[in-house]
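> Please read through the structure below; I'll follow up with questions.
In my numbering, the protein residues as written are 960 to 1412.
And the structure:
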């Protein structure tokens, strides 16, 4: 049973809460001193705090000081302020000091129960994420506990000890390089170099020399022999980011390297052996590029010995809240700010926004919000999400049905371990129907995995 600390000196309200909150183990405190004693003893996940504490219940200063002390002792605690129906000003001040939420008297047990359930749920999510981050399942930089991200992390655990060439697929901003580094950190090569090169950011005429290096005099301006990224990664891991943007003229040379693990520098004649673990990443659909003859088929099969799909942020549910809180802590340290929490409208905006830029977009919005926030609480306005009517409008029944079908397909696919025949059986449809639904909802990662299996 969950422990709930209630800081309240009104015995009538205490009795009311005893009868109306049977699902919690209630612990009571009547003043600031006893409240802090109970916090140290029980470390409750959630506390309700009446601002009108003795010695002067008409003055909120004692309650606000109690709030500050509680958060100093137990920063992860969710403190819900209980206040008089005409004292909204002090309630908002408490929110700025770090309170989770506030509720105005008179107390409606049903409404308070909803607020408490939400606070305990968020606390449980944060606690689980802290546990996962310190367990062997996650690397520290991978934050979240949605089913899709846990599945991806389990794949990382299995892939990391091997030498298999891995293709990371996912939209821009989903954290493909973070996953690549996680594979490297959990591999036997963890103490060796990790070298990343973005194939889309380097001009075509320079990419070959960046990858393979060049000998002195190989071309005008080559004043000395220079090692390429592949040689620099010798003994470690090489990430070929955005490999889908690699020009066709270079793909044949890359294929030879992947097959033979040897290279020749530009202008050189010597064959150089290189011991490198290769990870590739792309936001493109390589299978479609193969069909369009813009990507070599033999190279495609070579780089996708194992394919790992990184889910977009919009498909990760409550992960957006957990990531946002972790980023808030990080940016507070970076910018020396003291922004404690998110307002209710900010939380709703985080959960309803579609995040086309994924985690990169979330990072950018949080960074600017921390700098621009006028109080110790981030609002939807600070995030730049308040003006979006798209997310506040109710969804049509058609949209609800499409979202439900898309989610059901993903869940069945996960339960069947990527077997589309079993997925179709679980969904009660034929395999051709499943293919049509995959195309309809653009579930490209499922089709790509089928092609590579």
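Glycine residues also receive a C-beta, built at the ideal position from the N, C-alpha and C atoms.
For residue 1200, which of helix, strand or coil comes out of DSSP?
Three-state result, residue 1200: strand.
> Which full runs of the beta strand (DSSP E) of 3+ residues lie inside the stretch 1101 to 1143, going along the chain?
1125 to 1128
> With a threshold of 9 Å between beta carbons, is residue 1149 in contact with chain B?
Of the protein chains in this structure there is only one, and it is not chain B.
> Nearest CA to the CA of residue 1293: which residue from 1327, 1237, 1190, 1261?
The residue with the shortest Cα to Cα distance from residue 1293 is 1327.
> Mapping DSSP to helix, strand and coil, what is residue 1374?
helix
> For a test of the three-state rule: what should DSSP assign to residue 1348, helix, strand or coil?
Its pLDDT being 41, under 50, residue 1348 is placed unreliably in this model, and the value from its coordinates should be taken loosely. Coil at residue 1348, not helix or strand.
> According to the Cβ coordinates, are residue 1032 and residue 1038 closer than 9 Å?
no
> Can you tell me the Cβ-Cβ gap for residue 1317 and residue 1133, rounded? I've got them flagged as a contact below 8 Å.
5 Å
> Take the Cβ of residue 1192 as the centre, count every other Cβ of all protein chains shown within 10 Å, and call the residue buried at 16 or more, exposed below.
buried
> Mind the definition here: the stretch 986 to 1005 touches the stretch 1106 to 1119 only if three or more C-beta pairs lie below 8 Å; say whether that holds.
Contact fails: fewer than three Cβ-Cβ distances are below 8 Å.
> Over the uninterrupted alpha helix (DSSP H) stretch that includes residue 1385, give me the two end residues.
Run containing residue 1385: 1379 to 1386, per the alpha helix (DSSP H) assignment.
> If you count every other CB in all the chains shown that lies within 10 Å of the CB of residue 1221, and 16 or more means buried, which is it?
exposed
> Let me know the secondary structure DSSP gives residue 1158 once reduced to three states.
coil
> CB-CB under 7 Å to residue 979, same chain, minus the five flanking residues each way: which ones, in chain order?
1068
> Have a look at residue 1331 and residue 1177 and give me their C-alpha separation to the nearest angstrom.
In this structure, the alpha-carbon of residue 1331 lies about 52 Å from that of residue 1177.
> Taking the beta carbon of residue 1201 as the centre, do at least 16 other beta carbons fall within 10 Å, making it buried, or is it exposed?
Per the 10 Å Cβ criterion, buried.
> Report back the beta-carbon spacing between residue 1231 and residue 1223 to the nearest angstrom; my notes put them in contact at under 8 Å.
7 Å
> With DSSP run on the structure shown, which of helix, strand or coil describes residue 1040?
Looking at residue 1040 - three-state DSSP - the assignment turns out to be strand.
> Does DSSP put residue 987 in a helix, in a strand, or in coil?
Residue 987: strand per DSSP, three-state reduction.
> Name the DSSP bridge partner or partners of residue 1274?
DSSP output for residue 1274 lists no bridge partner at all.
> Between the C-alpha atoms of residue 975 and residue 965, what's the straight-line distance to the nearest angstrom?
12 Å
> If you compare alpha carbons, which of 1290, 1337, 1285, 1272 is closest to residue 1301?
1337
> Give me the residue from 1389, 1279, 1055 with the minimum Cα distance to residue 1101.
1279
> Hey, out of 1204, 1159, 1118, 1161, whose CA is closest to residue 1140's CA?
1118
> Can you have a look at residue 1213 and say buried or exposed, based on whether 16 or more other CB atoms are within 10 angstroms of its CB?
buried
> Which same chain residues, not among the five before or five after residue 998, have their C-beta less than 6 Å away from its C-beta?
1029, 1032, 1033
> Starting from the C-beta of residue 1182, find all residues in its chain whose C-beta is less than 7 Å away, skip the five residues before and the five after it, and write them out in chain order.
1175
> Which whole-angstrom value describes the C-beta separation of residue 1310 and residue 1286, a residue pair presumed to lie in contact below a C-beta threshold of 8 Å?
In fact, because the Cβ distance is near 15 Å, the residues do not count as touching under 8 Å.
> Residue 1198 and residue 1235 look like a contact to me (Cβ under 8 Å); what is the Cβ gap, rounded to whole Å?
With a Cβ gap of about 10 Å, residue 1198 and residue 1235 do not count as contacting.
> Residue ranges of each alpha helix (DSSP H) run of no fewer than 4 residues wholly in the stretch 1233 to 1289, ordered along the chain?
Qualifying alpha helix (DSSP H) stretches, in chain order: 1245 to 1250, 1256 to 1262.
> Threshold first: 4 residues or longer. Then list the alpha helix (DSSP H) segments lying entirely within the stretch 1041 to 1068, N to C.
If only uninterrupted alpha helix (DSSP H) runs of at least 4 residues are considered, those enclosed by the stretch 1041 to 1068 are 1047 to 1055.
> Near residue 1152, which residues of its chain fall below 8 Å by C-beta distance, leaving aside the five closest residues on each side in sequence?
These residues qualify, in order along the chain: 1191, 1192, 1193, 1194, 1195, 1196.
> Can you tell me whether residue 1216 is helix, strand or coil according to DSSP?
helix
> Given residue 1025, which residues of its chain have a CB within under 7 Å of its CB, disregarding the five upstream and five downstream residues?
966, 991, 994, 1008, 1012
> Which residue's Cα is closest to the Cα of residue 983: 1004, 1146, 1149?
1004
> Can you check which of these residues, 1274, 1053, 1131, 1216, is closest to residue 1237 by C-alpha distance?
For residue 1237, the nearest C-alpha among the options comes from 1216.
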